[in-house]
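Numbering (the working numbering), first residue to last: 1 to 369.
Here a beta-carbon is modelled for each residue, glycine too, at the ideal position from N, C-alpha and C.
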Amino acid sequence: MKTLLIVYVHGFKGDGTTFLQFPQHVEQRLKQIYPSTSIVSVVYPPYETKGDLNVATNAFLSFTESKVIDLEVANGTASPVVSPTVGVILVAHSMGGLVISDTTVQILARDPTIMFPKVIGLLCFDSPFLGLHSSVFAQDVVHRGASKFNELKAMGASVPVASVASYLFAKKSSEQPARHTTADAPSQDQKQKSSPNWGKIAGLTAAGVATTAAAAAGTMWYLKSQNVDVNWAKDHLNFVGAIFQKPQVLKSRLWTLYQARERVSLINYYTVIEPKEKVQPTNDQDPTQVIKGLGKLVSGEGDGKRTFCNIPKETPYSDFFAPADNNNATGEIEAHMNMFEERKNSGYSTLLGESVERISGWVSAWLNT
Numbered sequence: 001m002k003t004l005l006i007v008y009v010h011g012f013k014g015d016g017t018t019f020l021q022f023p024q025h026v027e028q029r030l031k032q033i034y035p036s037t038s039i040v041s042v043v044y045p046p047y048e049t050k051g052d053l054n055v056a057t058n059a060f061l062s063f064t065e066s067k068v069i070d071l072e073v074a075n076g077t078a079s080p081v082v083s084p085t086v087g088v089i090l091v092a093h094s095m096g097g098l099v100i101s102d103t104t105v106q107i108l109a110r111d112p113t114i115m116f117p118k119v120i121g122l123l124c125f126d127s128p129f130l131g132l133h134s135s136v137f138a139q140d141v142v143h144r145g146a147s148k149f150n151e152l153k154a155m156g157a158s159v160p161v162a163s164v165a166s167y168l169f170a171k172k173s174s175e176q177p178a179r180h181t182t183a184d185a186p187s188q189d190q191k192q193k194s195s196p197n198w199g200k201i202a203g204l205t206a207a208g209v210a211t212t213a214a215a216a217a218g219t220m221w222y223l224k225s226q227n228v229d230v231n232w233a234k235d236h237l238n239f240v241g242a243i244f245q246k247p248q249v250l251k252s253r254l255w256t257l258y259q260a261r262e263r264v265s266l267i268n269y270y271t272v273i274e275p276k277e278k279v280q281p282t283n284d285q286d287p288t289q290v291i292k293g294l295g296k297l298v299s300g301e302g303d304g305k306r307t308f309c310n311i312p313k314e315t316p317y318s319d320f321f322a323p324a325d326n327n328n329a330t331g332e333i334e335a336h337m338n339m340f341e342e343r344k345n346s347g348y349s350t351l352l353g354e355s356v357e358r359i360s361g362w363v364s365a366w367l368n369t
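Encoded structure:
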């Protein structure tokens with residue numbers, strides 16, 4: 001008997017509940033399609049979304065290898081490397097997509113003919129392979145009001161506009177990890193319990209646009225002024241910084257997977273929101289004004305649709321992206337966070353159906369070979 005292992009990986013500041021009931025729904029449908037194939041679903045345990053992305057990638061690779069070896073032993077496989085009985089589907093949300101894609105790239109680099117573990121497909125959801133859409137930052141300016149933006153803009157001589165994004169996104173200092181002296185340093189367990197979720201520290205993601213020395217200085221100024229542990233912030237910015245690299249660097253990951261398309265498949269479903277009413281600024285700020293580093297105050301393309309991720313228009317990169325509509329969401333971050341929430345995502349059933357169909361196609365090709 002062959003075994004299909006599906007591993008789910010959360011994104012930045014996510015945890016074991018990121019996917020809600022989605023794994024169970026997928027498994028139930030696949031068992032109906034492949035009754036003679038063992039289906040094993042595993043949600044990757046919460047991991048540190050800080051530091052170098054390679055650290056998270058290496059840890060995930062070791063985890064996946066161990067799971068596959070255990071299943072191969074249970075199957076009594078004579079040679080799991082040459083004739084594997086376990087096929088792997090990696091599923092990820094947000095930054096988790098970079099973790100599983102980099103893991104796959106590592107596996108592909110080992111041998112041009114033999115792939116172990118046998119990863120047959122990568123199913124990603126709103127993974128910012130080419131960075132975040134500028135509207136993710138601009139929309140926050142709209143909701144907070146242009147007066148706050150003008151107030152911060154007046155600091156332009158000392159705080160660059162790029163770093164203003166982190167100020168606009170950041171929450172109250174009580175929601176941020178405060179500095180601690182050696183005497184009252186929290187334990188690792190306390191740190192994990194007090195760590196805010198993705199939405200509460202979106203400012204760290206926004207701060208990733210601070211690529212110049214001046215902008216970085218502005219961001220550090222904000223962190224210190226709000227009594228945020230700078231080292232803590234730097235660690236997380238380092239992880240998130242992987243999506244703020246040059247376009248050529250970001251595309252290289254997808255290009256590698258494109259070249260290996262006959263060995264492993266990849267698709268990234270990205271949220272698309274089409275609000276019923278167009279969001280307007282709270283005062284007389286010109287909504288068409290382009291803010292360097294942020295985009296337009298009122299986000300969206302010509303058709304009014306908005307996305308969380310940057311979506312490529314040129315092939316072959318565009319071949320990896322597929323839209324996932326959510327007419328319930330009013331903002332990009334809301335749509336991104338609620339992809340697997342049936343009550344908050346109008347397109348959940350469609351997304352589930354397409355995901356199962358996509359996985360089914362990959363599995364059928366694998367079983368036939």
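Item	Value
Spatial distance of Q259 from K2 (CA atoms)	27 Å
Other residues of its chain near I114: CB distance less than 8 Å, five sequence neighbours each side excluded	V81, V82
Touching by the beta-carbon criterion (3+ pairs, under 8 Å), the stretch 19 to 27 and the stretch 38 to 48	yes
Buried versus exposed, by CB contacts within 10 Å (16 or more), S364	exposed
Runs of alpha helix (DSSP H) wholly within the stretch 15 to 59 (minimum 4 residues, chain order)	22 to 33
Cα-Cα separation between P46 and D319, rounded to whole angstroms	30 Å
Burial state of I359, where buried means 16 or more other Cβ atoms lie within 10 Å	buried
Run of the beta strand (DSSP E) containing T3, from where it starts to where it stops	3 to 9
Helix, strand or coil at G347 [DSSP, three-state]	coil
Local Cβ density within 10 Å of D102, reported as buried at 16 or more and exposed below that	buried
Identity of the residue in T57, L4, F244 nearest V119 by Cα	L4
Range covered by the beta strand (DSSP E) that runs through V272	265 to 273
Buried or exposed by the 16-neighbour rule on C-beta atoms within 10 Å, applied to T18	buried
Beta-carbon spacing of Y269, L352 below 8 Å	no
Cβ-Cβ distance between A324 and T271 below 8 Å	yes
Euclidean distance between Cα positions of G131 and T49	17 Å
For H93: DSSP bridge partner residues	F125
Continuous beta strand (DSSP E) stretch holding A324: start and end	321 to 325
C-beta contact flag for I273 and N326 at 8 Å	yes
Environment of P128 [buried if 16+ CB atoms lie within 10 Å]	buried
N238 vs D15 beta-carbon contact at 8 Å	no
Residue nearest to S94 in terms of C-alpha spacing, selected from G76, C124, L108, W255	C124
Neighbourhood of S346 by C-beta distance below 8 Å, restricted to the same chain and skipping five residues each side	D325, N326, N327, N328
Cβ-based burial, D126 [other Cβ within 10 Å; buried from 16]	buried
Residue from L367, W362, G121 whose Cα sits closest to the Cα of Y8	G121
Candidates K13, S66, L108, of which the one nearest R253 by Cα	L108
Pairwise C-alpha distance: K31 and G96	25 Å
Nearest-angstrom Cα separation, counted from G361 out to Y34	12 Å
Test item: CB-CB of H133 and F12 under 8 Å	no
Chain-order list of residues whose beta-carbon lies under 6 Å from that of G302 (same chain, five-residue window excluded)	Only weak support exists for where G302 lies, its pLDDT of 45 falling under 50; the coordinates are left without a value.
For T256, the first and last residue of its enclosing alpha helix (DSSP H)	247 to 259
Close beta carbons around I69, own chain, < 8 Å, minus the five adjacent residues each side	P80
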